[in-house]
Amino acid sequence: QLRTLCADLQTLIRSETGHDAFIMIDQEGGAVTRLPESCINVPGSMALAATGDPETTYLAGKLTGEELRSLGVNFNLAPSVDVNCNPANPIIGVRSYGDTPATVAKYAAGMIRGLQDGGVLCLAKHFPGHGDTSLDSHLTLPCVDKPRDELERMELAPFRAAIADGVPAIMTAHILFPALDDSGVPATMSRRIVTGLLRGEMSFTGLVTSDCMEMQAVQKFFGSVNGVLAAMNAGVDLVLLSHTTLLSGEAAKAAAEALQSGKLDRKEMEESVDRILAAKAKLAAVPAAAFDAEQAAALNDKLLRATITEV
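Mapping the sequence shown onto UniProt numbering, position 112 (from 1) lands on 112, and the numbers just tick up by one.
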């Protein structure tokens, strides 16, 4: 059913636009899985890191990528490269590979490589880092109020490593970082952070996506449509509205009007389109691997057994 739906969507969108669509999913493994129980769910990030072997994250990523591609899903919004440095964090926890930047970078590298070898795009999230919050950005607007040098050592280090490892996309966080931008807007809506820091200082040339703009960190404090326009102005290429079709239509209309009026820079929007089309072309050039569900289940069973550790 999912495979048929994805194929029908691609046929429709290809006929309307001449291009394939990104069909995205949040399939991190472990606690964050969006596939039905009949599909493979690899161990979560912290469990994979507990094996002590980065090859397990590569195998888990490749397995996930191959199954997603076989279903028609071509963009996995994973992995999280947030450092689990705050025990009070209500949303990251076991979604992180560990509590040090080095551990996170070490294990995320395998997942990034594995997902791409499995035939799907992937990303590193949640830039500049969601590990040191005690609030959930789905529900409110968190703030990470620490000096720039601390952010460099803890939050930014895994993203720099992911960029060096060839991650094709990065997802932004709906979090305030006063040391990076003191204007009162979250990273997703901050030109200083997206264009100045990520694109400029960190030399990232891939896709930048937002987290969902219907999360309360944006919707409650700024309004989702206003947030979309601000994110586009900040330098975000793909702005996500994950739940409400009507709201997506309103945002698309507002963006078209902003482009027409000059509130959105046409040259920058064209550069975003070029990045999107380049990513789609790269994806299309990778043939889908044959996926054997029985072999995949056997491999995942080995991965699950490898994560069992004595505490």
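Backbone N, C-alpha and C define an ideal beta-carbon position, used for all residues, glycine too.
If you look at T172, you'll find it in the beta strand (DSSP E) that goes 169–172. A contact is defined here as three or more CB-CB pairs under 8 Å, and the stretch 106–121 meets this definition with respect to the stretch 72–81. Cβ atoms of G235 and T195 come within 8 Å of each other, at about 4 Å. Between A60 and L48, the C-beta spacing is below 7 Å.
By the neighbour-count definition (other C-beta atoms within 10 Å, threshold 16), R113 is a buried residue. Here the alpha carbon of D53 sits roughly 13 Å from the alpha carbon of P43. When C-alpha distances from V144 are compared across L180, D301, A124, the shortest belongs to L180.
No Cβ-Cβ contact shorter than 7 Å links A169 with A187. In summary, R95 is buried, with 16 or more beta-carbon neighbours lying within 10 Å of its beta-carbon over all protein chains present. Here DSSP, grouped into helix, strand and coil, assigns I25 to strand. The straight-line gap separating the alpha-carbon atoms of S183 and A31 is approximately 35 Å.
For the stretch 41–124, the full-length alpha helix (DSSP H) segments reaching 4 residues or more read 45–49, 55–71, 101–117 along the chain.
In the DSSP assignment, T209 falls within the unbroken beta strand (DSSP E) covering 207–209. Within the same chain, Cβ atoms closer than 7 Å to the Cβ of I163 are found at M202, F204, the five residues on either side in sequence being excluded. Look at the beta carbons and you see the stretch 248–265 not touching the stretch 96–115: under three pairs across the two are nearer than 8 Å. In this chain, the alpha helix (DSSP H) harbouring C6 covers 2–17.
Per DSSP, the beta bridge partners of V32 are G29. Setting aside the 5 residues that flank it on each side, A231 is surrounded in the same chain by T188, M189, S210, V239, each with a C-beta closer than 6 Å to its C-beta; the list follows chain order. Counting other Cβ atoms within 10 Å of its Cβ, L12 stays below 16 and is therefore classed as exposed. Following the DSSP letters along the chain, one finds P158 inside the alpha helix (DSSP H) bounded by residues 157–164. Here DSSP, grouped into helix, strand and coil, assigns L240 to coil.
Around the beta carbon of H243, a 10 Å sphere encloses fewer than 16 other beta carbons of the protein chains shown; the residue is thus reported as exposed. Beta-bridge partners of C143 (DSSP): L176.
Excluding its 5 nearest sequence neighbours in each direction, I308 has no C-beta neighbour in its own chain below 8 Å. CA-CA distance, S70 to D292, rounds to 10 Å. Proximity to E55 across K220, A296, A108 peaks at A108, based on C-alpha coordinates. Take G129, set aside five residues on each side of it, and the residues of its chain with a beta-carbon closer than 6 Å to its own are D82, E155, in chain order. The shortest C-alpha to C-alpha distance from A289 to any of L115, T51, S80 is the one to L115.
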